[in-house]
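K.L.:
Residue numbering for the sequence shown follows the numbering used here, starting at 1 and increasing by one per position.
Dropping a structure here in structure tokens format, bear with me for questions.
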Amino acid sequence: INFGVPYETQATISVYNISGRLVWNYSADFNEGEHVIDWNGIDGRGQDLKSGIYFVRIAAAGWSGTEKVVLVR
1 INFGVPYETQ
11 ATISVYNISG
21 RLVWNYSADF
31 NEGEHVIDWN
41 GIDGRGQDLK
51 SGIYFVRIAA
61 AGWSGTEKVV
71 LVR
């Protein structure tokens with residue numbers, strides 16, 4: 001998951017399944033610039049998720065955005 005922040009801030013990356021249920025969440029402080037977070041298709045309990053459509057929401061620096069992703073196993 002690639003994203004950038006305009007200044008040092010906390011960002012939260014959340015992954016939702018097609019039903020809108022939160023399946024994975026990550027929050028940390030990030031320096032200004034571009035960042036890459038590796039989500040390897042697991043849920044918050046460490047279980048493998050099934051292939052399908054998921055939504056990644058990134059919230060940081062007063063901004064949020066959502067993108068559709070396809071997980072293929």
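Even for Gly, the Cβ is constructed at its ideal location relative to N, Cα and C.
1) With DSSP run on the structure shown, which of helix, strand or coil describes N31?
2) Taking the beta carbon of A60 as the centre, do at least 16 other beta carbons fall within 10 Å, making it buried, or is it exposed?
3) Here's the rule: buried if 16 or more other CB atoms are within 10 angstroms of the residue's CB, otherwise exposed. What is I53?
4) Assuming R57 and S27 make a contact with CB atoms under 8 Å, what is their CB distance in whole Å?
5) Where I18 and W63 are concerned, what is the direct C-alpha to C-alpha distance, given to the nearest angstrom?
6) Given I42, which residues of its chain have a CB within under 8 Å of its CB, disregarding the five upstream and five downstream residues?
7) In the structure shown, what three-state DSSP assignment does K50 receive?
P.N.:
Taking the geometry as given:
1) coil
2) buried
3) exposed
4) R57 to S27, Cβ: 12 Å. No contact.
5) 23 Å
6) W24, D48, L49
7) coil
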